[in-house]
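In this note's numbering, the protein residues as written are 478 to 855.
We put the beta carbon where it would ideally sit given N, CA and C, even for glycine.
For reference, the structure is listed below as C-alpha cells.
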C-alpha cells in the first residue's frame, strides 16, 4: 500500500470545512472530475492522470465520507487512502465509462455543486456528462467554484510545511547556479543540469521548468530550451515548478552571464523592490488588487506580457486567486501566494522576478529565499 502524504486528520479537517460551507449553500453534495479536487479530499496521488483514457469521479456528500467512483485500475491505490466507499467500473468500456455507476451514486441528491467558473474543467466526455444529466432530471448542478477556491486557498500548516520544504529545495538549487551554468552552455544543457540539481537536492519531480536567455533580457517566460548558447551579456532566467509529495514551488531567478548592463541591473533591482513592496502590504484583509497596485507603483507600468503579477500556489503550479488589478479577493492567513512582477524593457525584451510567500498575521513568511537586489553575475 502507498504511504499517505498526510495523516487522516488532514482530510477530516478538509471535509469538515467543506461540509460546513455546503450547509451554508444548501448543497446536498459536491461532484468532481479533476485531479486536484480528487486528491484534495482523498489523498489519491498518481501520475496516471497524465492518461486521458479513463475518467475519475468523486462525490462529497453533505454528511459522511467522500465516495470514489473510479476505474478498476485505481482501486488498490485508492484503498490506501482514508476513503472507504470505492465503486469501480471497467475502463475503457465500449458503452459505459462509469456513467451508470455514477448516476446511481448521485441519484439520492437534489442540489449538487461542481466547479464551473474560472480555471475549472470537466474531465469527462461532454457526451457522458449530458447522458448523466439525462438520467438525473431531478438533480440540479450548480456552480461551486468559489466554495472550492476558498477551501483550497487557505493552507493547513501540514501543507505549508511541504511547500516550505520544496521551496527550500528550489532555493538550494538556485544557490548553486555559479557551479551549474556557464558561458557557451546551451539552454538545453542548462535546463537538463538544473533538473538534475533539483532532483539531487531532494525534489520528487520537476514537471515545470521554463525560461530563456538573451542580450539585455528575454522575449518571453514560457519557452522550452533550445540549442542557443549562453553568451556574455545575456540575462538567463529559469522559472521552476519542482514538487515534493505533489506540492509545487514556483519561483524564478535571473542571472547575468559575464556582466550586466546598467539597464539590466536597474530592472532587476526594481523587480526585487516591487516584491518587497507587495510583501509590505501582504496582510490579512488586504486584497490581491492591493498587492498588484503595490508592485505596479514601483514598476511604473501596469501592462505587460505576463497578464498578472502572481497567483495562489499549492497542489497546482498556479491556483486561484490571481494578483490583478480587478481581483478583490481578500487575503487570509495561511494563503500561499507567488509575487511575480514583470517589467517591459522595450525592443521585445522583458524581465520577471518571482517569490513564494505565506500570508501570516503580520509580515508574510517567505518560503523561497529572497533574491538580492543586485543581479547575480556568473
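Leaving out the 5 sequence neighbours to the left and right, which residues in its chain are closer than 8 Å to residue i when beta-carbon positions are compared?
i, result
"residue 472", "One cannot answer for residue 472 here, as it falls past the ends of the chain, which runs 478 to 855."
"residue 672", "683 and 686"
"residue 654", "730, 732, 853 and 855"
"residue 602", "532 and 574"
Assuming contact is defined by CB atoms lying nearer than 8 Å, are residue i and residue j in contact in what I supplied?
i, j, result
"residue 772", "residue 789", "no"
"residue 732", "residue 713", "yes"
"residue 740", "residue 787", "no"
"residue 548", "residue 526", "no"
"residue 504", "residue 589", "yes"
"residue 735", "residue 709", "yes"
"residue 722", "residue 639", "yes"
"residue 854", "residue 737", "yes"
"residue 806", "residue 742", "no"
"residue 681", "residue 720", "yes"
"residue 768", "residue 800", "yes"
"residue 667", "residue 701", "no"
"residue 753", "residue 704", "no"
"residue 628", "residue 479", "no"
"residue 420", "residue 583", "This structure leaves residue 420 out entirely; the chain is present only between 478 and 855."
"residue 695", "residue 502", "no"
"residue 632", "residue 839", "no"
"residue 517", "residue 500", "no"
"residue 586", "residue 506", "yes"
Can you tell me the Cα-Cα spacing of residue i and residue j, whole angstroms?
i, j, result
"residue 697", "residue 539", "45 Å"
"residue 755", "residue 803", "16 Å"
"residue 530", "residue 567", "12 Å"
"residue 691", "residue 795", "26 Å"
"residue 670", "residue 650", "10 Å"
"residue 699", "residue 718", "12 Å"
"residue 577", "residue 552", "18 Å"
"residue 837", "residue 726", "18 Å"
"residue 798", "residue 849", "27 Å"
"residue 494", "residue 630", "12 Å"
"residue 811", "residue 683", "25 Å"
"residue 774", "residue 822", "16 Å"
"residue 613", "residue 762", "41 Å"
"residue 571", "residue 604", "14 Å"
"residue 537", "residue 635", "22 Å"
"residue 829", "residue 751", "11 Å"
"residue 784", "residue 644", "24 Å"
Decide if residue i is buried, meaning its Cβ has at least 16 other Cβ atoms within 10 Å, or exposed.
i, result
"residue 674", "buried"
"residue 711", "buried"
"residue 619", "exposed"
"residue 648", "buried"
"residue 611", "exposed"
"residue 485", "exposed"
"residue 793", "buried"
"residue 524", "exposed"
"residue 511", "buried"
Which residues in the same chain as residue i place their Cβ atom closer than 6 Å to its Cβ, once the five residues preceding and following it in sequence are excluded?
i, result
"residue 679", "646"
"residue 688", "714, 715 and 716"
"residue 706", "661 and 663"
"residue 871", "Outside the shown range of the chain, which is 478 to 855, sits residue 871, and nothing can be said about it."
For residue i, collect the residues of the same chain with a Cβ closer than 7 Å to its Cβ; drop the 5 residues on either side in sequence, then sort them by chain order.
i, result
"residue 597", "622"
"residue 625", "514 and 592"
"residue 841", "756, 759, 834 and 835"
"residue 482", "520, 522, 722 and 723"
"residue 642", "721"
"residue 606", "599"
For residue i, decide whether its Cβ has a neighbour in chain D, counting only Cβ atoms nearer than 8 Å.
i, result
"residue 594", "No chain D appears in the structure shown, which is made up of a single protein chain."
What are the start and end residues of each continuous alpha helix (DSSP H) run of 4 or more residues lying completely inside the stretch 614-684, in chain order? 622-629, 634-652, 654-657 and 664-678
3 or more residues per run - each beta strand (DSSP E) lying fully within the stretch 783-824: 787-789, 796-799, 813-816 and 819-823
Unbroken stretches of the alpha helix (DSSP H), 4 residues or longer, contained in the stretch 554-621: 576-583 and 603-612
Ignoring anything shorter than 4 residues, give me the alpha helix (DSSP H) runs that lie fully in the stretch 713-788, in order along the chain. 739-758 and 765-776
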